[in-house]
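Colleague: Quick one: structure below, then a few questions.
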Amino acid sequence: MWLLYLALASYGVATLIWLGYVWFQKESYYLAGSRTIALGWLCHTLALLVQTLTQGFFPVGSFGAALSLFSWALITTFLILNWRYPVKVLGAMVIPMAAMLLSGSLILPRPQELPAILQSFWLSFHIAAALLGNATFALAFLGGILYLIQERQIKSKKFGFFYRRLPSLETLDALNYYCINIGFVLLTLGIISGSLYAQYTLGTFWQWDPKETMTLMAWLLYAGLLHERLVKGWRGRRAALLAIAGFVVLMVTFVGADFWHRSYHRFDTFGRLP
Amino acid sequence: MTLVLIGLNHKTAPVELREKLAALAPEPAAAYQYLRELQAVQEALLYATCNRVEILFASPDPETAIPQVRQFLIAQGGEADVQAMQQALYVYREAEAVSHLFQVACGLDSMVMGEPQVLGQIKAAYRQGTEQQATGPLLNRLLHKTFSVAKKVRSETGIGGLAVSVSYAAVELARKIFGSLTDKTGLLIGAGEMAELAVEHLKRHGVARLIVANRTVERGLELAGRFGGEAVSLAELPEQLLRADIVISSTGAPELILTKDQVKGVMRRRKQRPLFLIDIAVPRDLDPAINDLDNVYLYNIDDLQGVIQANLHHRQAEAVKAQRIIDVETQKFLQWRETLAVTPTIVALVDKARQICQSELKKTLPQLGPLTPEQQKSLEVLAESIALKLLHDPFLYLKRNHHPKRRSQDIDLTRRLFNLDPDRSEDLR
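Taken in sequence, the protein lines are chains A and B.
Here the first sequence is numbered in this note's numbering, starting from 892 and rising by one per residue.
Here the second sequence is numbered in this note's numbering, starting from 5 and rising by one per residue.
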């Protein structure tokens, strides 16, 4: 699995370069960081492909594998965002986060074999949509934190280290809007595909599994935010706070469900169906 | 010849009075016509900036001239304002007048210290003055000195940076709130010097639309025309706030123009689109509590100056430094003017000596019999050099750098000793 280590090394180096970019504000740092992160992403993608080909399915059979996938989804969404709507400083938060997730994945046990019943297109679609959705919400979460910092500085009229380095409020707010829109679509697709697949394999659409319930809560939260944004113009600080709250719920779901014994969504008991 | 400056500014008069006098400036021909006809006024300059209207003149007889010019200004205000106008007008003479002019030109007298626009306005007014042939050697020299002093103050102190940095900070902040300004609308409430400056900055950074809301629509139209915007009345303000993103308020109104509740209502109707309000009026136009609202950012002039921290402490120090330059330059100018008085005295003395030589030679030469032209020439040179050698020490004495007051006494004495003003010597007897 040298490819994963290479990816991790790239993420580590990119983190340093990106922190340098935040500190020195030199465009050359940003370019170097972007290239390093693209290289890391390539390695990560190749590693996942190799795993998929050798195991015959998505490497999701353990919590560690899920972390690696999530890390990959995070970098993927960040690269797409960086290409379409660059919020440069965001890298300094996204990349260390991805690096930590990936190193967590490398520490935790290796994935197991998946039973044949789970090896279906629908399940991979369910997982991919849910993870990419989570990653997009992660960007909205990080953007929300940046927004709160910047807003605090402008409101209180005290200008510190971050004032020059963070982008404008409108940029961060637009980031929030895009990410939550896209994340919401992905999450919805994830829920629908999972539900359909559950009906196909388990004979029921919805089981009130802890992960399902928590995800529904997060979904409602994001739905509410999008609705109020369109109708009443909930934006700025309020939208940032809700993006943060939504992501916290999602992370509790992502991590918490694994410690919740009754959940059939646990990554490391993936094979054992209820 | 005495230098006198009469006028009013934002410290002594409300906008209404200033406006009435400011009406003189766009068509100064009539005012200059009047000033030229005054016997006691030899040179004059009229200038109006947004916050002041002043007449600077040189008079051989200030006691007659000052009431006449004052009366002229008071008459502009109309009958209703005679009392107010009388109280608002200030009169400066000599050093005070020179120093005041320097202060105005350097922006030390402005509402926003160090703002550069006022210098341009004085330059324009001076150009008009020369076109009207109202200025003379004294004012020409004084104005050129003024421009060089302003330049000196600007380059040697940080005072010019202050005003620029305020509008720079405003634009910078707007950028941090809105990102790009190219699709944003600026709304100007009231139209002071500083507001114009900030708007100029915003315009240069690509604000898409500009709205000017002013109490008097004419002035609003004029400003809107200059920056390619539209003029509206103050009554339309709440409606206009729906369209604006960046609001610069600088009215002279004593009470608040926008309250928190009004802005709250506007924000609801704007669907919370961010609003950046800049209040540069003193007293304030905008309720400070507005800043508590979400997506609304309210800055007053001190906050903006806080953006560039160093300037806060800088400000007083720079003003002191500027004032010191002004004091020195005022003295220099007055000294120069004194030498102006010395020079004619010396010229008059030389003339007198030459005349005496000529008349004495005319008497003597015929008695000496036939002389060669060379002999005659050397006699002429001899006579003149005796006269001038004799005068050499008095000249040195006059030119020496005495205290100005002492010098004018010396000059006076010299003129009496040598009887340089024959018509004046009569009342001496």
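Note that beta-carbon positions come from the ideal geometry of N, C-alpha and C, so glycine has one too.
Being a predicted model, the structure only gives us computed values, none of them experimental.
#1: Just to confirm the assignment, what range does the alpha helix (DSSP H) spanning B:LEU375 have?
#2: Tell me B:THR53's beta-bridge partners as DSSP assigns them.
#3: Considering Cα atoms alone, identify which of A:VAL1122, A:SER953, A:GLN946, A:ILE1135 is closest to A:ASN1025.
#4: If I measure Cβ to Cβ from B:LYS24 and keep anything under 6 Å in the same chain, skipping five residues before and after, which residues do I get?
#5: I'd like the list of long-range same chain contacts for A:ARG1120, defined as Cβ closer than 8 Å, with 5 residues on each side in sequence excluded.
#6: Take every Cβ of the region 1049-1063 of chain A, pair it with every Cβ of the region 1016-1023 of chain A, and state whether three or more of those distances are shorter than 8 Å.
#7: Between which residues of its own chain and B:GLY133 is the CB-CB distance below 6 Å, once the five residues before and five after are set aside?
#8: Which chain B residues are close to A:ILE1045, counting only those with a beta carbon under 8 Å from its beta carbon?
#9: Between the region 64-78 of chain B and the region 26-45 of chain B, can you find at least three pairs of beta-carbon atoms closer than 8 Å?
#10: Quick one, which of B:THR16, B:VAL8, B:ASN55 has its alpha-carbon nearest B:ALA29's?
#11: Taking the beta strand (DSSP E) that B:TYR96 belongs to, which residues open and close that run?
#12: Helix or strand or just coil, what does DSSP make of B:VAL153?
#13: Which word fits B:PRO348, buried or exposed, when buried means at least 16 other C-beta atoms lie within 10 angstroms of its C-beta?
#14: Does the beta carbon of A:THR1062 come closer than 8 Å to any beta carbon on chain B?
#15: Just verifying my parser: in three-state terms, what is the DSSP assignment at B:ASP265?
#16: For B:LEU316 and chain A, any beta-carbon pair shorter than 8 Å?
#17: At 8 Å on the CB atoms, spell out the chain B contacts of A:ARG1128, in chain order.
#18: Report the residues of the region 1099-1127 of chain A with a CB closer than 8 Å to any CB of chain B, ordered along the chain.
#19: Which word fits B:ASP425, buried or exposed, when buried means at least 16 other C-beta atoms lie within 10 angstroms of its C-beta?
#20: Who are the near neighbours of A:ALA1089 in its chain, counting only those whose CB is closer than 8 Å to its CB and skipping five residues on each side?
#21: Using DSSP with H/G/I as helix, E/B as strand and the rest coil, what is B:ARG219?
#22: Would B:ILE390 be called buried (16 or more neighbouring beta carbons within 10 Å of its own) or exposed?
#23: Let's see if you can read the secondary structure: which residues bound the alpha helix (DSSP H) around B:TYR301?
#24: Beta-carbon within less than 6 Å of B:PRO64's beta-carbon, same chain only, minus the 5 sequence neighbours each way: which residues are those?
#25: Can you list, in chain order, the residues of its chain whose CB lies under 7 Å from that of A:PHE1145, leaving out five sequence neighbours each side?
#26: Consider the Cβ of B:PRO242: report whether some Cβ of chain A lies at a distance smaller than 8 Å.
#27: Taking B:ILE215 and B:LEU185 to be in contact with their CB atoms under 8 Å, please state how far apart those CB atoms are, rounded to whole angstroms.
#28: Using a Cβ-Cβ cut-off of less than 7 Å, list which residues of the region 945-979 of chain A approach chain B; keep chain order.
#29: Using the C-alpha atoms, what's the distance from B:ARG179 back to A:ALA989?
#30: Please report the straight-line C-alpha distance between B:SER254 and B:ILE284, rounded to a whole angstrom.
#31: Nearest chain A C-beta to B:GLN266 closer than 8 Å, yes or no?
#32: Could you spell out where the beta strand (DSSP E) holding B:ALA235 opens and where it closes?
#33: If contacts are defined as beta-carbon pairs under 8 Å, then A:PHE1028 and A:GLY1074 qualify, I think. What distance do you get, rounded to the angstrom?
#34: Quick check: the Cα distance between B:GLU67 and A:SER1047, rounded to an integer number of angstroms?
#35: How about B:LEU28: is its Cβ closer than 7 Å to a heavy atom in the ligand FMN?
#36: Starting from B:ARG56, find everything on chain A with Cβ-Cβ shorter than 8 Å and list it in chain order.
Modeller: This is what the structure holds:
#1: Stepping through the second sequence from its first residue, residue 375 of chain B is reached at position 371. For B:LEU375, there is no enclosing alpha helix (DSSP H), since its DSSP letter is neither H nor E.
#2: The residue given as residue 53 of chain B occupies position 49 in the second sequence. For B:THR53, the pairing in a beta bridge is given by DSSP as B:ARG56.
#3: Here the question's residue 1025 of chain A lines up with position 134 in the first sequence. With distances taken between Cα atoms, A:ASN1025 lies closest to A:ILE1135.
#4: The residue labelled residue 24 of chain B in the question sits at position 20 within the second sequence. Taken in chain order, the residues that qualify are GLN80, GLY81.
#5: For the purposes of this step, residue 1120 of chain A is taken as residue 229 along the first sequence, with counting starting at 1. Correct list, in chain order: TYR1068, ARG1126, ALA1130.
#6: The region 1049-1063 of chain A makes no contact with the region 1016-1023 of chain A: fewer than 3 CB pairs, one atom from each, lie closer than 8 Å.
#7: Taking the second sequence and counting its residues from 1, the one referred to as residue 133 of chain B is at position 129. LEU49, THR139.
#8: One-based indexing of the first sequence puts residue 1045 of chain A at position 154. Chain B residues near A:ILE1045: LEU177, LYS180, ILE181, TYR301.
#9: These segments touch.
#10: Position 25 of the second sequence, counting from 1, holds the residue named residue 29 of chain B. The candidate whose alpha carbon is nearest that of B:ALA29 is B:ASN55.
#11: Counting from one through the second sequence, the residue named residue 96 of chain B turns up at place 92. Here the beta strand (DSSP E) through B:TYR96 covers 94-97.
#12: Residue mapping note: residue 153 of chain B aligns to position 149 of the second sequence, counting from 1. Three-state DSSP puts B:VAL153 in a helix.
#13: Within the second sequence, residue 348 of chain B is the residue found at index 344, counting from 1. Note on B:PRO348: under 16 other CB atoms within 10 angstroms of its CB, so exposed under the neighbour-count rule.
#14: In the first sequence, counting from the first residue as 1, residue 1062 of chain A sits at position 171. Taking CB atoms only, A:THR1062 has a neighbour in chain B less than 8 Å away.
#15: As a working note, residue 265 of chain B is residue 261 in the second sequence. Residue state, collapsed to three classes: helix.
#16: Within the second sequence, residue 316 of chain B is the residue found at index 312, counting from 1. For B:LEU316, the pLDDT reaches just 46, beneath the cut-off of 50, and the residue's location in the model is therefore unreliable, although a value from the coordinates is still provided. No, its Cβ sits nowhere closer than 8 Å to a Cβ of chain A.
#17: By one-based count along the first sequence, residue 1128 of chain A stands at place 237. Neighbours of A:ARG1128 on chain B, chain order: ASP298, ASN299.
#18: Of all residues in the region 1099-1127 of chain A, LYS1123, GLY1124, TRP1125, ARG1126, GLY1127 have a Cβ within less than 8 Å of some Cβ in chain B.
#19: For the purposes of this step, residue 425 of chain B is identified with residue 421 of the second sequence, where counting begins at 1. With fewer than 16 other Cβ atoms within 10 Å, it is exposed.
#20: Translated into positions along the first sequence, residue 1089 of chain A becomes position 198. These residues qualify, in order along the chain: THR1095, PHE1096, TRP1097, GLN1098.
#21: The residue labelled residue 219 of chain B in the question sits at position 215 within the second sequence. Here DSSP, grouped into helix, strand and coil, assigns B:ARG219 to coil.
#22: Within the second sequence, numbered from 1, the residue matching residue 390 of chain B stands at position 386. Under this definition B:ILE390 is an exposed residue.
#23: Within the second sequence, numbered from 1, the residue matching residue 301 of chain B stands at position 297. Run containing B:TYR301: none in the alpha helix (DSSP H); it sits in the beta strand (DSSP E), 300-304.
#24: On the second sequence, residue 64 of chain B is found 60 positions in, with the first residue counted as 1. Closer than 6 Å at Cβ, skipping near neighbours: MET5.
#25: Translated into the one-based positions of the first sequence, residue 1145 of chain A becomes position 254. The residues ASN1025, in chain order, have a CB closer than 7 Å to that of A:PHE1145 in the same chain once the five nearest residues on each side in sequence are set aside.
#26: Here residue 242 of chain B corresponds to residue number 238 of the second sequence, with the count starting at 1. No, B:PRO242 lies away from the interface with chain A (no Cβ there is under 8 Å from its Cβ).
#27: Sequence index remark: in the second sequence, residue 215 of chain B carries index 211 (1-based). Sequence index remark: in the second sequence, residue 185 of chain B carries index 181 (1-based). With a Cβ gap of about 15 Å, B:ILE215 and B:LEU185 do not count as contacting.
#28: Nothing from the region 945-979 of chain A brings a Cβ to less than 7 Å from some Cβ of chain B.
#29: Reading the first sequence from its first residue, position 98 is the one you call residue 989 of chain A. Reading the second sequence from its first residue, position 175 is the one you call residue 179 of chain B. Approximately 31 Å, taken between the alpha carbons.
#30: The residue given as residue 254 of chain B occupies position 250 in the second sequence. The residue given as residue 284 of chain B occupies position 280 in the second sequence. Each residue's alpha carbon lies about 5 Å from the other.
#31: Translated into positions along the second sequence, residue 266 of chain B becomes position 262. No, B:GLN266 lies away from the interface with chain A (no Cβ there is under 8 Å from its Cβ).
#32: Within the second sequence, the letter at position 231 stands for residue 235 of chain B. Here the beta strand (DSSP E) through B:ALA235 covers 234-237.
#33: Within the first sequence, the letter at position 137 stands for residue 1028 of chain A. Within the first sequence, the letter at position 183 stands for residue 1074 of chain A. With a Cβ gap of about 4 Å, A:PHE1028 and A:GLY1074 count as contacting.
#34: Along the second sequence, read from residue 1 onward, the residue named residue 67 of chain B stands at position 63. Along the first sequence, read from residue 1 onward, the residue named residue 1047 of chain A stands at position 156. Inter-residue distance for B:GLU67 and A:SER1047 is about 57 Å (C-alpha atoms, whole angstroms).
#35: This structure simply doesn't include the ligand FMN, nor any ligand for that matter.
#36: Taking the first residue of the second sequence as position 1, residue 56 of chain B is located at position 52. Simply none; closest approach about 31 Å.
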